[in-house]
Amino acid sequence: MAPVWSSCSNRCLLAATNLHFPSYFTAAISIATPQHPENQPESISFFSLNNKESIISTIKSISNKTHLLQIHAHILRTTLIQDAAVSHHFLCRVALSGPLQSPTYSHRFFQQISNPFVSHYNTMIRAYSFSDSPQKALFLYQDMRRRGIAANPLTSSFVVKSCIKFLYLLGGVQVHCNIFKDGHQSDSLLLTALMDLYSQCQKYDDACKVFDEMPQKDTVAWNVMISCFIRNNRTRDALSLFDVMQMEKYECVPDDVTCLLLLQACARLNALEFGERIHSYIMVHGYGGALNLSNSLISMYSRCGCLDKAYDVFMGMKNKNVVSWSAMISGLAVNGYGRKAIEAFEEMQRNGIQPDDHTFTGVLSACSHSGLLDEGVSFFDRMISEFGITPAIHHYGCMVDLLGRAGLLDKAYQLITSMEGKPDSTVLRTLLGACRIHGHVTLGEQVIEHLIELKAQDAGDYVLLLNLYSSAGHWEKVAEVRKLMREKSIQTTPGCCTIELKGAVHEFVVDDNSHSRKVEIYNTLDEINKQLKIAGYVVELSSELHKIDDKEKGYALSYHSEKLAIAFGVLVTPPGTTLRVASNLRICVDCHNFLKLFSAVYNRDVILRDHKRFHRFRRGHCSCNDYW
DNA sequence: GTAGGGTTAG
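Written as structure tokens, this is what we have:
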């Protein structure tokens, strides 16, 4: 018998479906129904849908909302919804693709299935893992287990992905336990997902443990391990994995993603030679044309202070997207070529590429690094009014930096208070840094109060405040802050410097004692200190934390990690070699003076990249104006 | 009774 649906209108469909459906479905249909009935697409012919194969093929091919709704009604009415294959295909269609795609809609359909299978659950869990409410994936997973339906490795994999999305460690651990119960503990893909979860939840040790226990480690597993190292501040170790993974024991071939991750690590460590090695690997393995890799190379070279090479990569690209241009702009910015960065920004638009929020971060940082105050203020306004980009925290950060460096501390503070939402600790820290440079004690105190309000427990903040007080000679305040730090048991982040030698990265912390050549390094440093003193080097006292005897203070300062890295550089490289050092913190005044004089006395160029910018020292001059 | 999983550019 011919189904009555063959020529029914939406009104008719609505009426009919009301018989079977609760009110939400009515709402769904009314949303899906075009406003003008005469423009409605032709109804589906259900004459041909008398077997499930034809229904399934129709479900797969349909790209029209109304028709999907008609099918929905049809499979409900004919009770085909209880057919696993039909319901599965329809669920996939509305959960994962097609015009009705929405986890809410598909969830309602899902609830109509009286005996859902694993595949139904998997589809729903997967849909939620992509959505804005990934927690719901976990609820469904728990519901599924309560109903005694066995999860397969894919179920767990989708749930882990959801947990990663909202960084829900506890949920992930729960799934991890169940994976053992289900006997899927040897599934490499599942374990890789779990590693990523632990890594993203800062559980570095757990990620390593999962990795070690993996029966088979493929390239993706190694990549996740590398990304875990990078995420958890073990960047140097991330680089070493490149060789380890290729060892005979593992025989794993690094792929394009490995290169992408390692380039990030090189950029952070200032590891130029290693970066060049990855560059060759990329070319040899035929990844040279990949946009993402080229973009990452631009960033790596410019963050290593090698703007020429960054520019070569940029110019060699057949196609450039907004990421390529933004990387080049930021590269010019961080290397101190503010005007050039602005020119690049204009050139980019002439090439028909629209800037985005990242581009403006580059442009604003160009202005702040080169002290282009008016330009920066104007770009910030244009970004909002002309390009319709809502300023994000990064943009405010650049602006506070720009205003702060220009000494317009009150304006910077005003900008922060005018922000929608509360400023984050980074922005406040930038302002605090400016207070430190300009010796603005009162504002510094206000800023620190905000930071305490934010429960920011970073020792760096207190150190800046200590510096501020000590440079102003407020020793009783210094003592107060130190007491506060002790009470709150705030630990200072150890300053850490890296220097590269023949592709190997050497890492130094304050008063480092771990390097195999420590005796030679300390002897070299003593010799450098002697030479610099002859040339007039005087230890800068204001950067130390508390009022101590000057002699003791001079001693404490001489072992900052910057100096150890330089001493190592002198020890292992021929005279005249440029020394490139990266530091995780802001360089202190004393080290700045030290390097300035060092570059003159030893006739060496030094390029130091601290947490934000480059300091290039040449024959007793520094190209930046941070400590003048 | 059917399809589906892990890493990734500024």
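Numbering-wise (the working numbering), the first sequence opens with residue 527 and increments by one.
Glycine included, every Cβ here is placed at the ideal spot set by N, Cα and C.
Beta bridge counterpart(s) of residue i as assigned by DSSP
i, result
"Leu1105", "Val1132"
"Glu1033", "Thr1024"
"His1141", "Leu1134"
"His1147", "Arg1144"
Reference residue i, options the options, closest by Cα
i, options, result
"His615", "Arg603, Thr630 and Tyr647", "Tyr647"
"Ser806", "Ile1054, Ser820 and Arg1145", "Ser820"
"Glu1088", "Val1064, Asn1049, Arg1135 and Lys835", "Arg1135"
"Arg1012", "Leu617, Glu1026, Gly1021 and Asp984", "Asp984"
"Trp851", "Met740, Cys830, Thr887 and Gly862", "Thr887"
"Lys729", "Thr745, Leu696, Val1132 and Ser659", "Leu696"
"Cys618", "Ile651, Trp1001, Val848 and Pro917", "Ile651"
"Leu941", "Arg931, Gly923, Ile588 and Gly965", "Gly923"
"Asp946", "Gln972, Thr916 and Ile963", "The residue you asked about is not Asp; residue 946 is Glu in the sequence shown. Answer by Cα proximity: Thr916."
"Pro949", "Ala932, Leu934 and His920", "His920"
"His1118", "Gly1102, Leu1051 and His1141", "His1141"
"Ala892", "Ser911, Glu869, Gln875 and Asn749", "Glu869"
"Asn1049", "Val1096, Gly698 and Cys1148", "Val1096"
"Gln742", "Ile601, Met771, Phe635 and Leu1051", "Met771"
"Ala816", "Ser828, Val1004, Asp781 and Cys1150", "Asp781"
"Lys707", "His811, Val1064 and Gly674", "Gly674"
"Phe913", "Val1035, Ser640 and His884", "His884"
"Pro1101", "Leu693, Tyr1128 and Gly878", "Tyr1128"
Contact set for residue i: own chain, Cβ-Cβ below 7 Å, skip 5 residues either direction
i, result
"Asn818", "Leu786"
"His895", "Ala859, Val860, Gly862, Gly864 and Arg1139"
"Ser632", "Leu617, Val620, Ala621, Met650 and Ala653"
"Met1160", "Past the edges of the chain, shown from 527 to 1154, lies residue 1160, and the structure says nothing about it."
"Ile824", "Ala836, Val839, Phe840, Ser850, Ala853, Met854 and Gly857"
"Val685", "Ile651, Ala663, Leu664, Tyr667 and Val701"
"Gly1146", "Lys1122, Leu1123, Ser1125 and Ala1126"
"Glu901", "Ile868 and Cys893"
Close-in-space but distant-in-sequence residues of the same chain around residue i (CB under 6 Å, 5 per side omitted)
i, result
"Pro679", "His710, Asp713 and Leu716"
"Ile752", "Ala764, Leu767 and Leu787"
"Arg1106", "Asn796 and Ile1133"
"Arg757", "Ser725"
"Phe547", "The predicted model places Phe547 with a pLDDT of 40, which falls under 50 and marks its position as unreliable; any figure quoted below should be read in that light. Nothing meets the Cβ criterion."
"Phe906", "Met925"
Continuous alpha helix (DSSP H) stretch holding residue i: start and end
i, result
"Tyr807", "Leu798 to Val810"
"Asn704", "Leu695 to Lys707"
"Asn818", "Leu817 to Arg829"
"Tyr667", "Gln661 to Arg672"
"Ala793", "Asp782 to Leu795"
"Gly862", "Gly862 -> no alpha helix (DSSP H), and no H or E assigned at all."
"Gln940", "Leu935 to Ser944"
"Asp722", "Ser714 to Gln726"
"Glu901", "Leu899 to Ser911"
"Arg652", "Val644 to Phe656"
"Asp838", "Leu833 to Gly842"
"Arg760", "Unbroken run through Arg760: none, as it is neither H nor E."
"Cys961", "Ser951 to His964"
"Tyr813", "Where Tyr813 is concerned, there is no enclosing alpha helix (DSSP H), given that its DSSP letter is neither H nor E."
"His633", "Pro629 to Gln637"
"Glu777", "Here Glu777 belongs to no alpha helix (DSSP H), and DSSP marks it neither H nor E."
"His920", "Ile919 to Arg931"
"Val612", "Ala610 to Leu622"
"His884", "Asp883 to His895"
Beta-carbon contacts of residue i that lie in its chain and below 8 Å, excluding the five residues immediately before and after
i, result
"Ala611", "Lys578 and Ile582"
"Phe1124", "Ile1054, Leu1058, Ile1092, Arg1130, Val1132 and Phe1143"
"His1137", "Ser1109, Asn1110, Leu1111 and Arg1112"
"Leu935", "Leu929, Leu957, Ala960, Cys961, His964, His966 and Leu969"
"Gly1029", "Ala797, Glu799, Phe800 and Arg803"
"Met843", "Leu817, Ser820 and Ser850"
"Leu980", "Lys948, Asp950, Ser951 and Leu954"
"Ser828", "Ala836, Ala853, Met854, Ser856, Gly857, Leu858, Val860 and Asn861"
"Thr1103", "Gly1095 and Arg1130"
"Gly698", "Val686, Cys689, Ile690, Leu720, Leu723, Tyr724 and Cys727"
Rounded distance between the beta-carbons of residue j and residue i, thought under 8 Å
i, j, result
"Phe871", "Val848", "Phe871 to Val848, Cβ: 11 Å. No contact."
"Cys754", "Ala733", "5 Å"
"Asn796", "Glu1026", "7 Å"
"Ser657", "Pro625", "Ser657 to Pro625, Cβ: 17 Å. No contact."
"Cys830", "Ala793", "7 Å"
"Leu991", "Ile974", "5 Å"
"Lys687", "Ser659", "Wrong, their Cβ atoms sit about 14 Å apart, outside the cutoff."
"Thr1024", "Arg762", "7 Å"
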